[in-house]
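Here is the structure we will look at.
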Amino acid sequence: MLTVIAFVVALGVLIAVHEYGHYRVAVACGVKVERFSVGFGKALFRWQPKRQHPGQQTEFVIAAFPLGGYVKMLDEREGPVAPEERHRAFNTQPLKSRAAIVAAGPIANLLLAIALYTAVNWIGVEEPVARLAPPVAASLAEAAGLRGGEHVTRAGFDGDLTPVQSFEDLRWRMTQGALDARDLTLEVAAEDGKPARQLVLPLSRMEAKDADPQMFRKIGVLAPLTRPEIGDVMAGSAGEQAGLRKGDVVRAIGDTVIHDGQQLREVIRASVEGDQPRTQAWQIVRGGQALTLQVKPELREEGAVKVGRIGAYVGAPPDMVTVRQGPVDGVWRGVVRTWEMSALTVRMMVKMVTGQASLKNLSGPLTIADYAGKSASLGLTQYLIFLAVISVSLGVLNLMPLPVLDGGHLMYYLWEGLTGKSVSDAWMERLQRGGVALLLVMMSVALFNDVTRLFG
């Protein structure tokens, strides 16, 4: 239920803000707005406020199908317009006014993202400390010399190192470096009090196609350091059948000494011989007493790879830090994060279109709904961050030069501005068909990824 509520609220907020951008600028330009709708299809609620902007009699609607919305303006192309109201029709407005009205929707989403990031910066958010679990074997992090238990204090590109506030901050920088093929310099401090040292994470070795859901596994930095403790155990799972209980601390599996929750997850994943799970002796501590259990994991497929699973939460919660900014710095960081996220989204889209990045990065409504529920369950700040990320994606996506999107209309206006002629109806129809076809393909791929990711 929480997932459904969080998803519906997110859609309502993001769509309403987007359409309000169109509506507000249309009113400012003197265009008559006939309807403001959040959603498509049958109207569930409708009202017409008595107090509106001068000359406006807009009907506000919440419709049954929530994946979108629209602002219906007076337009001679959609029906007869009285001569005395012709100057208020959208199609009779100057080019700059039409362009401003169309661009206002995506811009409103980007402004919302700035406001949300700013609010999070002011409120503060609990994030894991950037103290690292042991790196994945044969990964870039292991090759760079990273060791488990080290705390990343500063990081940057081209020698410009700045403080790392949290593990999420470090992940963001690694994402940027991987997409741009830029090496990331890290300054790390060991737990034993030894002097801090610098090393280079060779992200330039990653290809654009490596920017997929397994990217951090390839880098080798998957999680912050945690105790190798068993959390909730699912009923009927391999873990329950083996006798594992919540609170058990794992000291060794077979001949492998376990130091960290991430290492424990990796050993469980690798508990496979050919196509069969491997039974191993687990040395655990329960209530101060040492025990040995024989654990046989279940098999799961991740793409073409079979991995072990025990059906339990693995790893105690990591050490946390509160990341909070002051009034001015909070706004500035909100602007910077929105810009960085927008640029990252554009780069990823370009790489997917050109075949340099995997189409597995496309997400559809099922994944978004899943993330909405998970973020809401973690608290207000995490949900606000989720809304900001989706708002940026919605704003950038709508600026893409596809005929059915706002960016496509801006492309028409650019042509009109350069040539002095509007795009012909015949060409517009062809482009619209092509845009719809491409959008349907993208939606199909995204939905396929959703199903594979959530149920595969």
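Per UniProt numbering: the sequence shown = residues 1 to 456. The beta-carbon is built from N, C-alpha and C at its ideal position, and this holds for glycine as well.
Are the Cβ atoms of residue i and residue j separated by less than 7 Å?
i    : j    : result
E187 : R154 : yes
V423 : W415 : yes
P277 : G254 : no
A290 : V233 : no
A130 : G148 : no
K42  : R88  : no
L14  : A376 : no
I123 : T381 : yes
Q263 : L222 : no
P106 : L439 : no
A372 : A16  : no
N121 : G379 : no
G238 : E298 : Just to set this straight, residue 238 is Ala in the shown sequence, not Gly. Result yes, Cβ atoms of A238 and E298 sit closer than 7 Å.
V267 : T345 : no
Considering Cα atoms alone, identify which of the options is closest to residue i.
i           : options                : result
F386        : N398, I368, M400       : I368
V200        : I219, V305, E19        : I219
V136        : Q432, R173, A270, R227 : A270
Q214        : D180, S358, W282, L431 : S358
Y383        : K42, E84, V125         : V125
D370        : M352, T381, I390       : I390
L454        : N398, S363, S444       : S363
G274        : Q263, R300, Q294       : R300
residue 461 : K50, W47, Y70          : This structure gives no information on residue 461, because the portion of the chain shown stretches from 1 to 456.
P66         : A189, F40, V272, E168  : F40
T292        : A242, E266, G330       : A242
A10         : K296, L394, L447       : L394
T279        : V267, L264, K296       : K296
A252        : R265, Q262, M443, A281 : A281
E150        : F157, A190, F167, M174 : A190
V353        : E302, A388, M442, G373 : M442
Q198        : D160, L418, F7, R77    : D160
P202        : V436, G12, A16, F157   : F157
G236        : I310, A437, G420       : I310
V305        : G326, E78, V272        : V272
T185        : M174, V336, L447       : M174
L140        : T162, A343, G177, A426 : G177
DSSP three-state call for residue i: helix, strand or coil?
i           : result
A99         : helix
R227        : coil
L186        : strand
residue 458 : Nothing can be reported for residue 458, as the shown portion of the chain is limited to 1 through 456.
G334        : helix
R265        : helix
A196        : coil
L222        : coil
Q176        : helix
I62         : strand
residue 482 : Lying before the first or after the last residue shown, residue 482 is absent from the chain, which here runs from 1 to 456.
M206        : coil
K360        : helix
residue 460 : With the chain running from 1 to 456 in the structure shown, residue 460 is simply not present.
M443        : helix
residue 467 : Outside the shown range of the chain, which is 1 to 456, sits residue 467, and nothing can be said about it.
E78         : coil
residue 457 : Examination of residue 457 is not possible in this model, given that the chain is present from 1 through 456 alone.
Q325        : coil
D160        : strand
R171        : helix
T279        : coil
Looking only at its chain, what residues have a beta carbon closer than 8 Å to the beta carbon of residue i, apart from the 5 residues adjacent to it on each side?
i    : result
V451 : L366
P401 : G407, G408, L410, M411
F90  : A26, V31, M73, L74, D75, R98, I101
C29  : Q93, S97, A100, I101
E434 : Looking at the sequence itself, residue 434 is Gly, so the reference to Glu does not match. Result list for G434: P403, in chain order.
Which residues in the same chain have their Cβ closer than 7 Å to the Cβ of residue i, if we skip the five residues on either side of it in sequence?
i    : result
T338 : L110, A113, I114, Y117, V392
Y20  : A108
Y413 : L95, R98, A99
V164 : A130, V152, T153, R154, A155, L170
D180 : none
S204 : A181, R182, D183
So, for residue i: in the same chain, excluding its five sequence neighbours on each side, which residues have a beta-carbon less than 6 Å away from its beta-carbon?
i           : result
A100        : V25
E240        : V233
A104        : G21, H22, V25
residue 458 : No statement about residue 458 is possible, as the shown extent of the chain runs from 1 to 456 and does not include it.
residue 483 : Coverage of the chain is limited to positions 1 through 456, which leaves residue 483 absent and any answer about it impossible.
Q325        : N121, R333
Are any of the Cβ atoms in chain B nearer than 7 Å to that of residue i?
i    : result
Q356 : Looking for chain B here will not work: only one protein chain is present.
If you measure from the CB of residue i, is any heavy atom of the ligand SAH nearer than 6 Å?
i    : result
A290 : This structure simply doesn't include the ligand SAH, nor any ligand for that matter.
- Query: Would the region 243-250 and the region 278-291 be scored as touching if the rule is three or more Cβ pairs under 8 Å?
  - Reply: Yes: at least three Cβ pairs fall under 8 Å.
- Message: Closer than 8 Å is the cut-off here; do at least three beta carbon pairs connect the region 60-71 with the region 22-36?
- Response: Contact between the region 60-71 and the region 22-36 is present: 3 or more CB-CB pairs across the two stretches fall below 8 Å.
- Message: Does the structure place the region 225-233 close enough to the region 316-329 that three or more beta carbon pairs sit under 8 Å?
- Response: Inter-segment contact for the region 316-329 and the region 225-233 is present: three or more beta-carbon pairs are separated by less than 8 Å.
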